[in-house]
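Worksheet: the structure to be examined is printed underneath.
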Amino acid sequence: MSTFTSTSVQRAPADPTRHVNYVLGMVLGVDDFTQEFAYLSERDRWLARDLLGYGTAWGLAVSHGTGTRGPEVRVTPGAALTPRGQLVRVTPTQCAALNDWLIARGTEVDAYLRSGNRLTVYVVLRHRDCLTDPVPVPGEPCRTEDDTTAPSRVTDDFHLELALQPPPPPLEENAVRDFVRWLRRNMNVVSSSPTPTTLEQFVTLLRGSVVPSSPVSPVDDYVLDDPPGGPVPVLETDVESFLREASRLWVTELRPLWRTNWLGESQGCTQPVSPAPESANDGVLLAAVDLPLVRELGTGPWKVDAAGTKTVDERQRPYLLHQRMLQEWLLAGLARDASAVHHPDNLPPYSLIAAGMIPIDDTSTDVGYNGLKATKVDVGLVTLSFDGFAHQPDQWRYVVKATLVEPQNGLVTQPSVTFVRADADGLLLKVRDKDALLPIATLRKLGLIVEVSQYAVPAKKKSSSGDAKPKARVSADTEGTR
1 MSTFTSTSVQ RAPADPTRHV NYVLGMVLGV DDFTQEFAYL SERDRWLARD LLGYGTAWGL
61 AVSHGTGTRG PEVRVTPGAA LTPRGQLVRV TPTQCAALND WLIARGTEVD AYLRSGNRLT
121 VYVVLRHRDC LTDPVPVPGE PCRTEDDTTA PSRVTDDFHL ELALQPPPPP LEENAVRDFV
181 RWLRRNMNVV SSSPTPTTLE QFVTLLRGSV VPSSPVSPVD DYVLDDPPGG PVPVLETDVE
241 SFLREASRLW VTELRPLWRT NWLGESQGCT QPVSPAPESA NDGVLLAAVD LPLVRELGTG
301 PWKVDAAGTK TVDERQRPYL LHQRMLQEWL LAGLARDASA VHHPDNLPPY SLIAAGMIPI
361 DDTSTDVGYN GLKATKVDVG LVTLSFDGFA HQPDQWRYVV KATLVEPQNG LVTQPSVTFV
421 RADADGLLLK VRDKDALLPI ATLRKLGLIV EVSQYAVPAK KKSSSGDAKP KARVSADTEG
481 TR
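Sequential numbering of the sequence shown, starting at 1, is according to full-length UniProt numbering.
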């Protein structure tokens, strides 16, 4: 009996950027078919990961329950895209017996237990394929009986697992969330501002907020939420151009910093491409399941405490909304601006622009919402202002609601606050006690609760008759309430 066996050369992975150029008379072999499949499949993955993203597409809901083998985690049928762009389909409903899994893990679980003997396990979905449909094949000398057949097909499959650690999310996933959060936090949209932000200033602020990172030393914060100089006032008329510029910066400068390069650095006719090998990074997190554990018989292996509380947390699950959903959402206008006061569609905008509990002290540094503060104090008079304030009664008007904070020192007994006017200095209020104007020293010991709203002035309609006289204006250009 010989100890020699046949040898075969391991082929390098096919270059996914090349495909077969068939010409008449060419004999196609294994390498040609492998190359063509590598090209076509990688194009699909490339399209998915660069233009769509990754995450659950539908289904794959995670729950817990009790089965024939005790407590279990269940995953419903569904589909997902992995970070690499691979489509994965799961069907039918899958179940994992938790006690069996804990026994298989043994003492490895001990390092992940939290106080109260609680353990978090992560449900992770990955793509895999399997070789099927064996057929007889000619072989080489010295082969075994197992070598007389070979699988003729590669079948798509899935791999669901319970893990003690979540899969590392792609840097791009966290970066895109941080980028959008930065835009919401640092673009303070205003109707007017004495010093509106220019596009160049906005771009400089955005670039300066980027936190450098590398695969060797990744960071948790990709774009500073509170950069020096932010947030900045952005005029309503500039929002579109600012968002266009921010989107361009994301595509051309920022996204390349954090996206995974699955195809490597080589590209071209003379440089073969070697795709990144399979790794743990190509998993989709479905849920985190929090479990109470107990020792079997006090000293035995860990098992799930049937009487304890079990929770399924899917908040960190990445998911994809399909185009039809996004289209309907856009057309139906579900994402209404919650920061504005809702009003009839045929009326101009009405919004809350400043508010807060502020001291009546022009030397105080305490400010309210949108920088609301007292800027001037005189006998019985208080001037208020806020970021972006401008007196332009032909464009918009203010509604001021103000009242005194209940004094704890008995300085006033029958106070009243009335609105006087709006001018270039701000909003002027008059403060009395028993009809007497309060002195400055008393005012500076008191506080105000104020809410300021703004509404646009409708365009004036032209008179149908040239000799018609305009109606006398009897109301002030700004409204106020006590």
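Beta carbons are placed, not taken as given, at the ideal position from N, Cα and C, and that holds for glycine.
Among the options, which residue has its Cα nearest to the Cα of residue i?
{"i": "S351", "options": "P318, Y398, W262 and P393", "result": "Y398"}
{"i": "A441", "options": "G426, A276, D378 and I449", "result": "D378"}
{"i": "R126", "options": "R248, V211, R105 and D157", "result": "D157"}
{"i": "N186", "options": "V251, Y455, L243 and D433", "result": "L243"}
{"i": "P169", "options": "P83, T144, T195 and R248", "result": "P83"}
{"i": "S192", "options": "D226, H159 and D238", "result": "D238"}
{"i": "G78", "options": "A163, W58, L372 and A48", "result": "W58"}
{"i": "L52", "options": "R69, M26, G85 and G65", "result": "G85"}
{"i": "P349", "options": "Y455, K434 and T56", "result": "Y455"}
{"i": "A422", "options": "V412, Q408 and P393", "result": "P393"}
{"i": "D50", "options": "R324, V251, A424 and Q271", "result": "V251"}
{"i": "A163", "options": "Y112, Q323 and T93", "result": "Y112"}
{"i": "R255", "options": "P71, R432 and V180", "result": "V180"}
{"i": "T68", "options": "V203, F33, D100 and A390", "result": "D100"}
{"i": "E296", "options": "N117, S209, V405 and C142", "result": "N117"}
{"i": "D44", "options": "V88, R324 and Q316", "result": "V88"}
{"i": "L448", "options": "W396, E253, V294 and L372", "result": "L372"}
{"i": "F419", "options": "R432, G410 and E314", "result": "R432"}
{"i": "G70", "options": "D110, G298 and A306", "result": "A306"}
{"i": "Q165", "options": "V109, L437 and T365", "result": "V109"}
{"i": "G65", "options": "A96, L40 and P92", "result": "A96"}
{"i": "T34", "options": "S241, A14 and E240", "result": "A14"}
{"i": "E42", "options": "V30, W329, H19 and G29", "result": "H19"}
{"i": "V450", "options": "L437, A424, S385 and L438", "result": "S385"}
According to DSSP, residue i sits in a beta bridge with which residue or residues?
{"i": "R89", "result": "A79"}
{"i": "W396", "result": "A456"}
{"i": "T56", "result": "A80 and Y319"}
{"i": "N174", "result": "N174 pairs with nothing; no bridge assigned."}
{"i": "D238", "result": "In DSSP, D238 forms no bridge with anything."}
{"i": "E451", "result": "A355 and K401"}
{"i": "W302", "result": "R295"}
{"i": "V187", "result": "Per the sequence shown, the amino acid found at residue 187 is Met instead of Val. Looking at the DSSP assignment, M187 forms a beta bridge with V232."}
{"i": "H19", "result": "Answer is none; H19 lacks a bridge partner."}
{"i": "G65", "result": "E72"}
{"i": "L285", "result": "V124"}
{"i": "L437", "result": "R432"}
{"i": "T311", "result": "D290"}
{"i": "E161", "result": "V124"}
{"i": "C95", "result": "R74"}
{"i": "residue 495", "result": "Residue 495 lies beyond the range of the chain shown here (1 to 482); nothing can be said about it."}
{"i": "D156", "result": "D129"}
Less than 8 Å separating the beta-carbons of residue i and residue j?
{"i": "G284", "j": "V90", "result": "One point to set straight first is that residue 284 is Val, not Gly, in the sequence displayed. The answer is no: Cβ separation not under 8 Å."}
{"i": "V75", "j": "L224", "result": "no"}
{"i": "Y122", "j": "N174", "result": "no"}
{"i": "L381", "j": "L446", "result": "no"}
{"i": "L199", "j": "E245", "result": "yes"}
{"i": "T132", "j": "R153", "result": "yes"}
{"i": "P16", "j": "A48", "result": "no"}
{"i": "P301", "j": "L102", "result": "yes"}
{"i": "E172", "j": "R259", "result": "yes"}
{"i": "Q414", "j": "K430", "result": "no"}
{"i": "A390", "j": "Y369", "result": "no"}
{"i": "P196", "j": "G208", "result": "no"}
{"i": "V412", "j": "T403", "result": "no"}
{"i": "G264", "j": "P277", "result": "no"}
{"i": "T155", "j": "D129", "result": "yes"}
{"i": "P272", "j": "S279", "result": "no"}
{"i": "G55", "j": "P407", "result": "no"}
{"i": "T148", "j": "P136", "result": "yes"}
{"i": "Q395", "j": "V457", "result": "yes"}
{"i": "V232", "j": "Q201", "result": "yes"}
To the nearest whole angstrom, what separates the beta carbons of residue i and residue j, a pair I think is in contact under 8 Å?
{"i": "P167", "j": "N21", "result": "Incorrect: roughly 39 Å between the Cβ atoms, too far for contact."}
{"i": "G230", "j": "L257", "result": "Between L257 and G230 the Cβ distance is about 20 Å, and since that is not below 8 Å, they are no contact."}
{"i": "T375", "j": "T383", "result": "5 Å"}
{"i": "E360", "j": "R444", "result": "For clarity, residue 360 is Ile in the given sequence; the question names Glu instead. Confirmed, Cβ separation roughly 6 Å."}
{"i": "P292", "j": "G308", "result": "3 Å"}
{"i": "P151", "j": "P134", "result": "5 Å"}
{"i": "V62", "j": "L98", "result": "Contact flag wrong, Cβ pair sits at about 13 Å."}
{"i": "G388", "j": "V234", "result": "No, G388 and V234 are not in contact; Cβ-Cβ is about 10 Å, not under 8 Å."}
{"i": "residue 544", "j": "K310", "result": "As displayed, the chain neither begins before 1 nor continues past 482, which places residue 544 out of reach and without an answer."}
{"i": "residue 502", "j": "L320", "result": "This structure leaves residue 502 out entirely; the chain is present only between 1 and 482."}
{"i": "V367", "j": "V452", "result": "That belief does not hold up - the Cβ atoms of V367 and V452 are roughly 13 Å apart, past 8 Å."}
{"i": "V211", "j": "L249", "result": "V211 to L249, Cβ: 15 Å. No contact."}
Could you check whether the Cβ of residue i sits closer than 8 Å to any Cβ belonging to chain C?
{"i": "D394", "result": "Included in the structure is just one protein chain, with no chain C present."}
task = Quick one: which unbroken beta strand (DSSP E) runs of 3-plus residues sit fully inside the region 115 to 154? Chain order, please.
result = Those beta strand (DSSP E) runs which fall completely within the region 115 to 154 and span 3+ residues are 118 to 136.
query = What beta strand (DSSP E) runs, 3 residues minimum, are completely inside the region 360 to 434?
reply = Counting only runs of 3 or more, we get 373 to 378, 381 to 385, 396 to 404, 415 to 423 and 426 to 433.
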